[in-house]
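Novice: Residue 190 in full-length UniProt numbering sits at position 190 of the sequence shown, and the numbers go up by one each step. To start, I am sharing the structure in question, which I have written as structure tokens.
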Amino acid sequence: MKHDFKFISKHSPQVKSAYSDLMEILSLVHDDLRKQYTFQHKPVGSYSRNMITYDAKSNIGFDFDINIYPNDEENRFTAKQIKLLFKQSLDKFAHRYGYDFAEDSTRVLTIKVKDRKNSRILHSVDFAFVNDYEDDDGYDCQEYIHYNKKQNAYSWSEQSQGFYMLPERFQWIKDNGLKGALYTLYIRRKNNNDDPNKHSRSLFAEAVNACYNENCDE
């Protein structure tokens with residue numbers, strides 16, 4: 001087995017310290033970008049559910065997933081401008097806290113704190129840029145900034161149908177006493193994952209859907 005993921009509490013000293021630094025970075029970025037656009041931010045995924053993991057066997061530390069909600073109701077900025085302005089500002093400040101420059105991928109920006117001597121990622125942060133809105137039929141929807149590397153193009157893309165079912169399925173799992181089974185599935189998927197571009201939030205969604213489908217009779 002290449003990986004040996006284990007859970008670590010968000011109340012542990014190293015996670016609390018890293019999260020505190022992250023909040024300081026976001027405050028600096030917010031102040032720096034204020035003349036362009038403002039934003040809200042929210043931790044999602046493993047941190048919000050206290051399901052943070054680290055790999056005891058390889059070079060992968062724990063990670064945070066943060067949603068960035070840009071305030072641009074007048075559509076003054078393109079998807080590319082929103083993401084790259086944030087990246088430029090992030091690169092100004094994150095290095096003060098030991099992070100490398102941000103890496104741009106399909107769905108997120110990622111920053112990492114590395115132990116170069118031991119070739120290890122101590123922890124990382126994934127920033128997704130999202131917009132919540134109500135469609136013409138009154139349904140709550142969400143879109144995210146998608147980066148097409150081959151075409152070097154950025155666009156707002158609608159979340160998949162599975163995204164909208166996730167909160168309800170996670171609640172069903174909790175209500176039916178299956179969180180332990182979910183934890184086992186999540187760790188198993190992380191241990192079996194060989195795709196460095198597949199992030200924790202995607203693996204968590206897969207684990208929720210698998211746990212629900214295996215146990216729900218509907």
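Ideal Cβ positions, reconstructed from N, Cα and C, are used throughout, including at glycine.
(1) Just reading off the beta strand (DSSP E) that Gly61 is part of, what are its end residues?
(2) Quick check for students: name the residue ranges of the alpha helix (DSSP H) that lie wholly in the stretch 6-35, counting only runs of 4 or more.
(3) Tell me whether His3 counts as near the ligand ATP, meaning its Cβ is closer than 7 Å to at least one heavy atom of that ligand.
(4) Roughly how many angstroms separate the alpha carbons of Pro43 and Gly177, rounded to a whole number?
(5) Can the beta-carbon of Ile68 be found less than 8 Å from the beta-carbon of Phe93?
(6) Residues in the same chain with beta-carbon distance under 6 Å from Glu158, minus the five sequence neighbours each way, listed in chain order, please.
(7) Pick from Gln171, Ile82, Asp65: whose alpha carbon is nearest that of Glu73?
(8) Pair every Cβ in the stretch 47-63 with every Cβ in the stretch 121-137, then say whether three or more of these pairs are closer than 8 Å.
(9) To the nearest angstrom, report how far apart Lys10 and Cys216 are at their CA atoms.
(10) At what residues does the beta strand (DSSP E) containing Asp132 begin and finish?
(11) I need the boundaries of the alpha helix (DSSP H) containing Phe163, first residue and last residue.
(12) Taking C-beta to C-beta, are Tyr37 and Asp104 nearer than 8 Å?
(13) Between the beta-carbon of Arg169 and the beta-carbon of Val130, is there less than 8 Å?
(14) Could you give the first and the last residue of the continuous alpha helix (DSSP H) run that contains Thr53?
Specialist: In short, the structure shows the following:
(1) The residue labelled residue 61 in the question sits at position 61 within the sequence shown. Counting along the chain, the beta strand (DSSP E) containing Gly61 begins and ends at 60-71.
(2) 13-33
(3) With respect to the ligand ATP, the structure offers nothing, as it holds no ligand at all.
(4) Counting from one through the sequence shown, the residue named residue 43 turns up at place 43. Counting from one through the sequence shown, the residue named residue 177 turns up at place 177. Those two C-alpha atoms are separated by around 24 Å.
(5) On the sequence shown, residue 68 is found 68 positions in, with the first residue counted as 1. On the sequence shown, residue 93 is found 93 positions in, with the first residue counted as 1. If you check the CB distance, Ile68 and Phe93 do not come in under 8 Å.
(6) Position 158 of the sequence shown, counted from the start, is the residue given in the question as residue 158. Only Glu143 meet the Cβ criterion.
(7) Translated into the one-based positions of the sequence shown, residue 73 becomes position 73. When each option's Cα is compared against that of Glu73, the closest is Ile82.
(8) yes
(9) Within the sequence shown, numbered from 1, the residue matching residue 10 stands at position 10. Within the sequence shown, numbered from 1, the residue matching residue 216 stands at position 216. Each residue's alpha carbon lies about 30 Å from the other.
(10) Walking along the sequence shown from the start, residue 132 turns up at place 132. Where Asp132 is concerned, the enclosing beta strand (DSSP E) stretches over 120-134.
(11) Here the question's residue 163 lines up with position 163 in the sequence shown. Its alpha helix (DSSP H) spans residues 161-175.
(12) Stepping through the sequence shown from its first residue, residue 37 is reached at position 37. Stepping through the sequence shown from its first residue, residue 104 is reached at position 104. No.
(13) In the sequence shown, the residue the question calls residue 169 occupies position 169. In the sequence shown, the residue the question calls residue 130 occupies position 130. Contact: no.
(14) Here residue 53 is taken as the residue at index 53 of the sequence shown, counted from 1. It is not in any alpha helix (DSSP H) - Thr53 instead sits in the beta strand (DSSP E) that spans 53-55.
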